[in-house]
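All remarks here apply to the structure that follows.
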Amino acid sequence: MSQLLTPPAADLSALETLALDVARACGRLIVDQRPGDLGVAATKTSLTDVVTIMDQRSEALARELLTQARPEDGFHGEESSRVPSRSGLTWVVDPIDGTVNYLYDIPAYAVSVAAVVGDPAVPGGWEPVAAAVVDPVAEEAHVAHRGGGARLLSPAGERALGIREGTELGAALLGTGFGYEARVRADQGQVIAAVLPEVRDIRRRGSAALDLCWVADGRLDAYFERGLHEWDLAGGWLVVTEAGGVVRGLAGAHLADPFTIAGPTGLVDRLDALLERVATPR
Ligand code: IPD
Ligand code: CA
1 MSQLLTPPAA
11 DLSALETLAL
21 DVARACGRLI
31 VDQRPGDLGV
41 AATKTSLTDV
51 VTIMDQRSEA
61 LARELLTQAR
71 PEDGFHGEES
81 SRVPSRSGLT
91 WVVDPIDGTV
101 NYLYDIPAYA
111 VSVAAVVGDP
121 AVPGGWEPVA
131 AAVVDPVAEE
141 AHVAHRGGGA
151 RLLSPAGERA
161 LGIREGTELG
171 AALLGTGFGY
181 EARVRADQGQ
191 VIAAVLPEVR
201 DIRRRGSAAL
211 DLCWVADGRL
221 DAYFERGLHE
231 WDLAGGWLVV
241 TEAGGVVRGL
251 AGAHLADPFT
261 IAGPTGLVDR
271 LDALLERVAT
281 PR
């Protein structure tokens with residue numbers, strides 16, 4: 001984005017703390033109260049796009065805590081109706097990112113809570129200013145606020161995050177993910193077939209929010225995916241940029257582009273050039 005949107009007068013560090021408290025509360029809920037017989041409560045865009053009762057309960061808790069703390073702010077979550085903002089800030093929440101992992105009890109899911117400026121329903125019309133992405137099983141949290149840097153909080157302690165430049169594409173470990181629609185997945189399969197021979201390897205962990213945070217903390221070199229939603233992206237986006245990386249669309253486009261590419265600038269440029277050659281135009 002060429003110009004940053006200006007947040008309303010607010011203490012961005014305090015917003016980060018609120019995001020962390022809420023994401024941790026939701027994380028405890030989904031771990032402690034996961035039913036043994038957890039099933040699919042509903043499906044959305046396709047049979048593969050599932051919602052569990054715990055996605056709904058986690059989002060309800062986030063909504064309640066955020067509304068209590070900041071009643072003038074808007075709310076934009078994955079599983080419930082939107083609340084327009086009266087303050088200029090909106091909370092973008094993914095109550096369980098990695099729902100399919102959660103359904104199968106695979107410990108790779110997160111709660112993402114981000115305060116954004118602009119309207120998150122308008123592609124290209126919003127930006128995160130404070131965020132927390134909590135992995136409640138690993139007891140890790142990636143947190144950031146605009147201008148304040150990004151940090152990883154874990155049982156081992158706290159560490160400031162800084163993305164390393166200089167990785168060549170051929171030595172890069174990439175993260176990616178797949179959408180829920182069969183047509184999009186068919187295209188994604190073709191892209192993977194073209195990218196895989198050009199890189200060190202590819203991981204599909206099943207949580208875009210964690211993928212982005214792993215780019216920020218160095219467990220992945222870069223990440224790309226087509227078709228992310230605001231809630232998948234908002235928290236991890238800020239963690240990557242505050243760690244010194246970039247998050248953008250294809251060919252330098254804004255994130256409203258169907259592709260999201262994240263990593264250190266040089267590697268993102270190299271990955272972008274490859275994706276432009278092999279990706280199906282929208
Ligand atoms: C999904 C995960 C997945 C990504 C999908 C997302 P959900 O979110 O982040 O890794 O590949 O594009 O929709 O459905 O688990 O909240
Ligand atoms: Ca998600």
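The numbering of the sequence shown is the working numbering, which starts it at 1 and goes up by one.
We put the beta carbon where it would ideally sit given N, CA and C, even for glycine.
Item                                                                                                          : Value
Segment limits, beta strand (DSSP E) that includes valine 134                                                 : 126-135
Beta-carbon spacing of serine 80, arginine 63 below 9 Å                                                       : yes
Contact set for glycine 298: own chain, Cβ-Cβ below 6 Å, skip 5 residues either direction                     : Since the displayed the chain opens at 1 and closes at 282, residue 298 lies outside it and no answer follows.
Boundaries (first-last residue) of the beta strand (DSSP E) holding tyrosine 102                              : Unbroken run through tyrosine 102 is the alpha helix (DSSP H), 99-103; no beta strand (DSSP E).
Check your reading: residues with Cβ closer than 5 Å to ligand 2 heavy atoms                                  : Asp94, Asp97, Asp232
Three-state class that DSSP yields for serine 2 in the structure shown                                        : Below a pLDDT of 50, predicted positions are generally treated as unreliable, and serine 2, at 43, falls in that range; the measurement from the model is reported next regardless. Serine 2 falls in the coil class under three-state DSSP.
In chain order, each alpha helix (DSSP H) run of at least 4 residues that lies wholly inside the region 41-72 : 53-69
Span separating the alpha-carbon of glycine 88 from that of leucine 5                                         : 11 Å
Closest by C-alpha distance to leucine 18, when choosing among Pro136, Cys213, Ala69, Val117                  : Ala69
Exposure of alanine 279, with buried meaning 16 or more beta-carbon neighbours within 10 Å                    : buried
Reduced DSSP category for glycine 266 - H, G, I as helix; E, B as strand; rest coil                           : helix
Reference arginine 185; option with closest CA among Ala209, Glu198, Asp201, Gly227                           : Gly227
Tyrosine 180 Cβ short of 8 Å to ligand 1 heavy atom set                                                       : yes
Which of helix, strand or coil DSSP assigns to arginine 159                                                   : strand
Alpha carbon of glycine 339 to alpha carbon of alanine 131, nearest angstrom                                  : Since the displayed the chain opens at 1 and closes at 282, residue 339 lies outside it and no answer follows.
Proximal residues to threonine 52 (C-beta, below 8 Å), its chain only, five neighbours per side dropped       : Leu38, Gly39, Val40, Ala41, Ile96, Thr99, Tyr102, Leu103
Near ligand 1: aspartate 105 beta-carbon under 8 Å from a heavy atom                                          : no
Alanine 144 (DSSP reduced to helix, strand or coil)                                                           : strand
Supposed contact pair glutamate 230 and histidine 76 - C-beta distance, whole angstroms, cut 8 Å              : 6 Å
Between the CA atoms of valine 129 and leucine 12 - distance to the nearest angstrom                          : 7 Å
For isoleucine 96, the three-state DSSP class (helix, strand or coil)                                         : strand
Cβ-Cβ separation, valine 133 to alanine 60 (assumed contact under 8 Å), whole Å                               : Their Cβ separation, rounded to whole angstroms, is 19 Å, which puts alanine 60 and valine 133 out of contact at 8 Å.
Three-way DSSP call (helix, strand, coil) for aspartate 221 in this model                                     : coil
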